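S.K.: Residue numbers for the sequence shown, in the UniProt record's numbering: 1 to 89.
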Amino acid sequence: MADPEDPYVVTHAHSVMEAAPIVAALERAGIKATTNNAESATILPEAMGEVEIVVATRDAPRAETLLQLIEEHGTDVDWDQVDVGEPEE
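This is the structure in structure tokens:
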């Protein structure tokens with residue numbers, strides 16, 4: 001049986017810039033996420049492959065569900081529905 005702390009590759013991104021918002025969305029949902037291959041992808045993106053987005057095995061089902069919801073519904077923000085406070089002077 002796998003250790004619930006074992007790393008699990010939940011998805012891939014083509015670049016560090018593409019991976020960052022995915023990791024941020026997972027972490028906002030309380031899922032600790034990291035990347036593998038980020039350094040290699042930054043140096044030689046075409047040659048080194050994709051950036052892996054990794055979570056703990058125990059969090060994989062939640063992470064996959066969240067990523068599916070993001071894919072289905074997008075991440076567009078309706079700023080008319082968001083209270084951003086008053087502008088600073």
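Positions of the beta carbon are idealized from the N, C-alpha and C atoms, including for glycine.
Nothing here was measured: the structure is a model prediction, and the numbers come from that model.
Looking at the structure shown, is ALA13 part of a helix, part of a strand, or coil, going by DSSP?
M.R.: Looking at ALA13 - three-state DSSP - the assignment turns out to be strand.
S.K.: Taking PRO4 as the reference, give the member of THR65, ASP59 and LEU67 with the closest Cα.
M.R.: With distances taken between Cα atoms, PRO4 lies closest to ASP59.
S.K.: Looking only at its own chain, which residues have a Cβ that is under 6 Å from the Cβ of PRO7, when we skip the five neighbours before and after it?
M.R.: Cβ within range, chain order: VAL54.
S.K.: Grab the span of the beta strand (DSSP E) containing ILE31 for me, first residue to last.
M.R.: That residue, ILE31, is in no beta strand (DSSP E); it is neither H nor E in DSSP.
S.K.: Since LEU69 and VAL10 are thought to touch, with beta carbons under 8 Å apart, how far apart are those beta carbons, to the nearest angstrom?
M.R.: In fact, because the Cβ distance is near 13 Å, the residues do not count as touching under 8 Å.
S.K.: Would you call GLU52 buried or exposed, if buried means 16 or more other Cβ atoms sit within 10 Å of its Cβ?
M.R.: Flag for GLU52 reads buried.
S.K.: What is the rounded straight-line gap between the Cα of HIS12 and the Cα of ALA20?
M.R.: Their backbone Cα atoms lie some 11 Å apart in a straight line.
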